[in-house]
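One structure is given below, encoded as structure tokens.
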Amino acid sequence: MARVDEDARRSGPGRWLVGAGLAAAPIGVIGLTMLGWGDRLPDPMPSHWGRAGRVTETVALSSLVTVVTVLGSLGTLLAIGGAVGRRLPHQARRVLVAVGTTVSAFLAGLWVVTAWLSLDLTDPRQAGAPTWHLLVWLVGCGLLGVVAYRVTPSPMWPAATGLPPADALRADTGQLRDGGWRESYRLPRVILAAPLVLLVTAVVLTLATANVWVGLLLVVLAALLTPLCFGRLVLNQTGLRVEFGPWAWPALRVPVAQIARAEPTEVAAAEWGGWGYRMQGGGGRAVITRSGPAVRVTLSQDRYLVVSAAEPELLAGLINSLVEESRGSGAGREGPTP
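So the sequence shown is numbered by the working numbering: it starts at 3 and just counts up by one.
What follows is the structure, given as structure tokens:
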């Protein structure tokens, strides 16, 4: 199992606690709003709105508070498990903190929106349907999850040692000048159709519910997903970078110092559970845009990255030659060329 070096294992305990604290904060919000609004809320509370925007189901106030608190606390416990689980892979810990925070925020947001719409009502069926609240609620959950992920410490992997084997592919690194080597990619058409499906669903829901905010939420989601279906592979003197979207953000960066070697391979999306950015146990990651030709980049600490590539032999050769040059051993060493 790939491990972070000892300095990284000791670094950032406070940042792990901050991540866990972000997951616990929404549960505190539930308690504070209940203390501040409790005497202004009806009992029972609205729990479901129909197509016409009218309340069709209600639930006891105590039951609603209990459900959102218990389920939200499960998210908090998940985040705490990631924060303190030193035996878990480093990246898995960060994901657990982010997911746990998102779950906690989702349940707290559900409570806050419902309570906000019910303030000072004597009849819960008079509560208006959520509109812009949906957008703020769900976008806020996602943003808090991203913040929780970013606040946890990034792994500090040691540099790779040695040089690529003599029989590994080589290529002229002169191609890396003027911005580096680049290759554009796009995900399969079936994935590209997902934003279109969201847009159609948005229109249907808007017409069926007469609630434009439901449709707008799906439109925003489609707008966020569409750019991620396209991207670029970039190799320059600093290392390999996988850029997502037209603004090159987010991006997956692999410093040349962490690369041991590269070799062409074949990748099957089914073996990784689909397309896009994938993770496996044992330190494996992949960016799969299609099944077929790819490059396997071996990194320090037995980690590896697999990326789909139209010219895997060329990319592998460039990476191996770049690794040698970066370690001052490029001159006079040759290998097979693609």
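All residues carry an ideal CB built from backbone N, CA and C; glycine is no exception.
Am I right that residue i and residue j are in contact with their C-beta atoms under 8 Å? What's the rounded C-beta distance?
{"i": "I32", "j": "G74", "result": "7 Å"}
{"i": "A25", "j": "S106", "result": "5 Å"}
{"i": "V258", "j": "G284", "result": "Actually they are not in contact, since the Cβ atoms of V258 and G284 sit about 23 Å apart, beyond 8 Å."}
{"i": "E327", "j": "T163", "result": "Actually they do not touch by this definition, with Cβ atoms about 16 Å apart."}
Taking the alpha-carbon positions, what's the residue i to residue j distance?
{"i": "V57", "j": "Q128", "result": "7 Å"}
{"i": "T211", "j": "R17", "result": "43 Å"}
{"i": "G23", "j": "A262", "result": "38 Å"}
{"i": "V289", "j": "T60", "result": "46 Å"}
{"i": "S49", "j": "T116", "result": "8 Å"}
{"i": "E265", "j": "L324", "result": "13 Å"}
{"i": "V20", "j": "A150", "result": "8 Å"}
{"i": "L218", "j": "P166", "result": "51 Å"}
{"i": "I321", "j": "A131", "result": "56 Å"}
{"i": "A85", "j": "S302", "result": "24 Å"}
{"i": "A161", "j": "V236", "result": "20 Å"}
{"i": "W139", "j": "P28", "result": "12 Å"}
{"i": "V192", "j": "E273", "result": "18 Å"}
{"i": "S293", "j": "G87", "result": "34 Å"}
{"i": "L194", "j": "D180", "result": "31 Å"}
Can you name the start and end residues of the alpha helix (DSSP H) that residue i belongs to?
{"i": "E273", "result": "271–274"}
{"i": "L237", "result": "That residue, L237, is in no alpha helix (DSSP H); its beta strand (DSSP E) goes 232–238."}
{"i": "Q282", "result": "Note, Q282: premise wrong, no alpha helix (DSSP H); beta strand (DSSP E) at 278–282."}
{"i": "W51", "result": "Per DSSP, W51 belongs to no alpha helix (DSSP H); it is in the beta strand (DSSP E), 47–51."}
{"i": "L165", "result": "Taken as a continuous stretch (DSSP letters only), L165 belongs to no alpha helix (DSSP H), as it is neither H nor E."}
{"i": "P197", "result": "191–211"}
{"i": "E171", "result": "The question names Glu, yet the displayed sequence has Leu at residue 171. Segment: none, L171 is in no alpha helix (DSSP H) and carries neither H nor E."}
{"i": "A225", "result": "214–227"}
At what residues does the beta strand (DSSP E) containing residue i begin and finish?
{"i": "W183", "result": "183–188"}
{"i": "E245", "result": "241–246"}
{"i": "R255", "result": "253–257"}
Determine which residues share a DSSP beta bridge with residue i and list them.
{"i": "E327", "result": "In the DSSP output, where bridge partners are listed per residue, E327 has none listed."}
{"i": "I290", "result": "G278"}
{"i": "R298", "result": "E265, V308"}
Q. Which residue spans inside the segment 10–94 form an unbroken alpha helix (DSSP H) run of at least 4?
A. 15–39, 63–86
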